[in-house]
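Chemist: If you're matching positions, the first sequence starts at 23 in this note's numbering and goes up one per residue.
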Amino acid sequence: MENKLVIYNTLGRKKELFIPIHAPHVGLYVCGPTVYGDAHLGHARPAITFDLLFRYLTHLGYKVRYVRNITDVGHLENDADEGEDKVGKKARVEQLEPMEVVQYYTNRYHDSMNALNVLPPSIEPHASGHIIEQIEFVKKILDTGLAYESEGSIYFDVEKYNQHHHYGKLSGRNIDELMESTRSLEGQQEKRRPVDFALWKKANPEHLMHWPSPWSEGFPGWHLECSAMGTKYLGETFDIHGGGMDLMFPHHECEIAQSTAALGHESVNYWMHNNMITINGQKMGKSLGNFITLEELFTGSHPLLQQAFSPMSIRFFILQAHYRSTLDFSNEALQASSKGFSRLMDGYQRLQKLTSSTSSTVDVANLRQRCEEAMNDDLNSPIVIAHLFEAVKAINAVHDGLATISANDLTELKATMKTSVEDILGLQTEQVVNDEKTEAYHKAIDLLLSLRMEAKAKKDWETADNIRNQLTALGFEVKDTKEGFEWKL
RNA sequence: GGUCGGUUGGCCGAGUGGCUAGGCAGAGGUCUGCAAAACCUUCCACGGCGGUUCGAAUCCGCCACUGACCUCCA
Numbered sequence: 023m024e025n026k027l028v029i030y031n032t033l034g035r036k037k038e039l040f041i042p043i044h045a046p047h048v049g050l051y052v053c054g055p056t057v058y059g060d061a062h063l064g065h066a067r068p069a070i071t072f073d074l075l076f077r078y079l080t081h082l083g084y085k086v087r088y089v090r091n092i093t094d095v096g097h098l099e100n101d102a103d104e105g106e107d108k109v110g111k112k113a114r115v116e117q118l119e120p121m122e123v124v125q126y127y128t129n130r131y132h133d134s135m136n137a138l139n140v141l142p143p144s145i146e147p148h149a150s151g152h153i154i155e156q157i158e159f160v161k162k163i164l165d166t167g168l169a170y171e172s173e174g175s176i177y178f179d180v181e182k183y184n185q186h187h188h189y190g191k192l193s194g195r196n197i198d199e200l201m202e203s204t205r206s207l208e209g210q211q212e213k214r215r216p217v218d219f220a221l222w223k224k225a226n227p228e229h230l231m232h233w234p235s236p237w238s239e240g241f242p243g244w245h246l247e248c249s250a251m252g253t254k255y256l257g258e259t260f261d262i263h264g265g266g267m268d269l270m271f272p273h274h275e276c277e278i279a280q281s282t283a284a285l286g287h288e289s290v291n292y293w294m295h296n297n298m299i300t301i302n303g304q305k306m307g308k309s310l311g312n313f314i315t316l317e318e319l320f321t322g323s324h325p326l327l328q329q330a331f332s333p334m335s336i337r338f339f340i341l342q343a344h345y346r347s348t349l350d351f352s353n354e355a356l357q358a359s360s361k362g363f364s365r366l367m368d369g370y371q372r373l374q375k376l377t378s379s380t381s382s383t384v385d386v387a388n389l390r391q392r393c394e395e396a397m398n399d400d401l402n403s404p405i406v407i408a409h410l411f412e413a414v415k416a417i418n419a420v421h422d423g424l425a426t427i428s429a430n431d432l433t434e435l436k437a438t439m440k441t442s443v444e445d446i447l448g449l450q451t452e453q454v455v456n457d458e459k460t461e462a463y464h465k466a467i468d469l470l471l472s473l474r475m476e477a478k479a480k481k482d483w484e485t486a487d488n489i490r491n492q493l494t495a496l497g498f499e500v501k502d503t504k505e506g507f508e509w510k511l
């Protein structure tokens, strides 16, 4: 299978032609959420970025196995090796079983992803469900002598590893500098060096989640789950590993070290990292406390928000920026996206009703090609969207009778728009509910507006305006057209 | 302090050594009973200083500002 998809590989820091190991199969692993709190706007970025990749690879004809994990154990609160387990802490504070916390936030994460039209991954493994695999992984590393036991815990020997491999190749870190600058924290006497990281941690008595292992009753280190589960489901070598830029170091660097140590070779060909969403120029994140959850965005219930923003406008907002750029949040920016999204989708819907002529005065021939070229260039969704707006311009011109389109062009345009808008960008018209009640309600509004048309025909402007004004006050948008009227809520 | 990035018009945000990004907002116009929508036209730009070049916002250097990572973070 041939393709012209070029993606930016963090390893090497340049764009590379994407060549899968076993075409038409593609293995894709993305770091998923730690389920101890609601997903915020920042979580939407990798989800949508790699959903875009997943969709596009699928569009190109690849059979993609997309693994996105749920981190429900081993992710510690403060220092990577010393703090409290995030899920465990939440469970203790709320007096719940840890798995209740996990289930609750996993469900809510799924709800949010659903709303954003993020396709579910092929496999969504839980770290807690792969303790055995992780223990086996630790054993392999111990066998190579690149890890050591200390008081029931196992640590990765970074310095020893670095003698034959390059620890820091992904993030551009220099180990000597790391040795100097890594903070020495209390309770780290077990480690030989501060740069060493935990593969297995012996659990304190108050620790809620722990499993038996050859070394101690304990739990796996955070970096381990991705190595173990990636290997299990995608093989010793797979195509793409993705995640947020903030995970590059230490998380992904440690993954490379673990996999290289255990398997004897690197396991990932392409590393992809999405950039951060910022708010007032600063990263939106848990630690800064400046995050807005997706639910708050959907409902508008956050002091910083001037209004609610629909899931699709959030998706559109994210797709309007390239995934490797920072994206700055503001009400103004989101409102602009929201309006732009409406314009795009109005045009898309209008397209379905267009009638063709014998010839075209609009040029839509290259749209498909130009959209693919943009996607092939490291998933340049903003360019795709710019092309789609050009198409909307043409659609509107035809709609207004200022241009014509041939039957062939119309068919092609419809197909291209569907592919780009729905299949690749994953945008959909919102609130498509088709039950009897909705139908009745639509008919009722149509009836009201028909009465208004009659009043207009009699030049009874007072009645006509009255109906329109009252509907507008209720939040409807009423438009008169040549044929009659259009409305939407 | 170290590593890596960014600095584009009122806002968000692409891109390229010479040719319109796009969206939102603003201005004028067409259409309309009035609106709305749509369409047309239009304003506003590439941090500063040097250098390379016939030509640089795009390449190089210096400076300024700013961000991310170096501790959990998508």
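Ideal Cβ positions, reconstructed from N, Cα and C, are used throughout, including at glycine.
The structure displayed is predicted, hence computed values, not measured ones.
Under the three-state reduction of DSSP, which class applies to Ser379: helix, strand or coil?
Modeler: strand
Chemist: Let me make sure I understand the geometry here. Which of Glu317, Leu316 and Asn302 has the alpha-carbon closest to that of Leu310?
Modeler: Asn302
Chemist: Is Ser206 helix, strand or coil when you go by DSSP?
Modeler: Any reading at Ser206 must be qualified, since the residue scores a pLDDT of 49, below 50, and its modelled position is unreliable; the value itself is stated next. Correct three-state label for Ser206: coil.
Chemist: With DSSP run on the structure shown, which of helix, strand or coil describes Gln304?
Modeler: Of the three classes helix, strand and coil, the one that applies to Gln304 here is strand, per DSSP.
Chemist: For Arg512, which of helix, strand or coil comes out of DSSP?
Modeler: No answer is possible for residue 512: it lies beyond the span of the chain, which begins at 23 and ends at 511.
Chemist: How long is the line joining the alpha carbons of Thr128 and Met135, rounded to whole angstroms?
Modeler: 10 angstroms
Chemist: Taking the straight line between their C-alpha atoms, what separation do you get for Gln329 and Glu317?
Modeler: 13 angstroms
Chemist: Look up Gly362 in the DSSP assignment and say whether it is helix, strand or coil.
Modeler: When DSSP states are grouped into helix, strand and coil, Gly362 belongs to the helix group.
Chemist: Please check the pair Leu373 and Lys436, which I expect to be a contact at CB under 8 angstroms, by giving their CB distance rounded to whole angstroms.
Modeler: 6 angstroms
Chemist: Evaluate Val115 with the Cβ neighbour count: other Cβ atoms within 10 Å of its Cβ, from every protein chain shown; 16 or more gives buried, anything less gives exposed.
Modeler: It is exposed - the Cβ of Val115 has fewer than 16 other Cβ atoms within 10 Å.
Chemist: Under DSSP, the alpha helix (DSSP H) around Trp509 begins and ends at which residues?
Modeler: No alpha helix (DSSP H) contains Trp509, which is instead part of the beta strand (DSSP E) from Phe507 to Lys510.
Chemist: With a CB to CB cut of under 6 angstroms and the five nearest residues on each side skipped, what residues in its chain are close to Asn291?
Modeler: Asp261
Chemist: Hey, which unbroken runs of the alpha helix (DSSP H) at 4 residues or more fall wholly within the region 235-296?
Modeler: 246-256 and 275-285
Chemist: Using only the alpha-carbon positions, how far apart do Thr80 and Val86 sit?
Modeler: 6 angstroms
Chemist: Have a look at the DSSP bridge pairing and note the partners of Ser172.
Modeler: Ser175
Chemist: Which residue's Cα is closest to the Cα of Ala279: His188, His232, Met298 and Ala343?
Modeler: His188
Chemist: Would Ile29 and Lys37 be called neighbours here (beta carbons separated by less than 8 angstroms)?
Modeler: Yes, they are a contact pair.
Chemist: Kindly indicate which residue of Glu476, Leu376, Phe411 and Gly243 has the alpha-carbon position closest to the one of Asp431.
Modeler: If we check each option's Cα against that of Asp431, Leu376 comes out closest.
Chemist: Pick helix, strand or coil for Lys36, following the three-state DSSP scheme.
Modeler: Lys36 falls in the strand class under three-state DSSP.
Chemist: Please list the segments of the alpha helix (DSSP H) lying wholly inside the region 104-135, counting only runs of 4 or more residues, in order along the chain.
Modeler: 108-116
Chemist: Tell me whether the beta-carbon of Val52 lies closer than 8 angstroms to the beta-carbon of Gly264.
Modeler: yes
Chemist: Check the C-beta distance from Leu63 over to Met306 and give it rounded, since I have them as a contact under 8 angstroms.
Modeler: 6 angstroms
Chemist: Return helix, strand or coil for Ala522, following the three-state DSSP convention.
Modeler: The structure shown does not extend to residue 522, since the chain is modelled only from 23 to 511, so the question has no answer here.
Chemist: For Lys501, report the span of its beta strand (DSSP E) as first-last.
Modeler: Glu499 to Asp502
Chemist: Could you check which residue in Lys213, Pro216, Asp218 and Pro242 has the C-alpha nearest to that of Lys224?
Modeler: Distances from the CA of Lys224 to each of Lys213, Pro216, Asp218 and Pro242 were compared; the closest alpha carbon is that of Pro242.
Chemist: Output the distance between the C-alpha atoms of Ser364 and Ile41, rounded to the nearest integer angstrom.
Modeler: 37 angstroms
Chemist: Please state the DSSP three-state secondary structure of Arg372.
Modeler: helix
Chemist: Can you name the start and end residues of the beta strand (DSSP E) that Asn31 belongs to?
Modeler: Val28 to Asn31
Chemist: Out of Gly266, Glu275 and Thr433, point me to the one whose CA is closest to Ser193's CA.
Modeler: Glu275
Chemist: Would Trp237 be called buried (16 or more neighbouring beta carbons within 10 Å of its own) or exposed?
Modeler: buried
Chemist: Report, in whole angstroms, the separation of the C-beta atoms of Arg77 and Asp385, which I expect to be a contact under 8 angstroms.
Modeler: About 27 angstroms separates the two Cβ atoms, so there is no contact after all.
Chemist: Could you name the residues that DSSP lists as bridge partners for Arg87?
Modeler: Its beta-bridge partners are Gly49.
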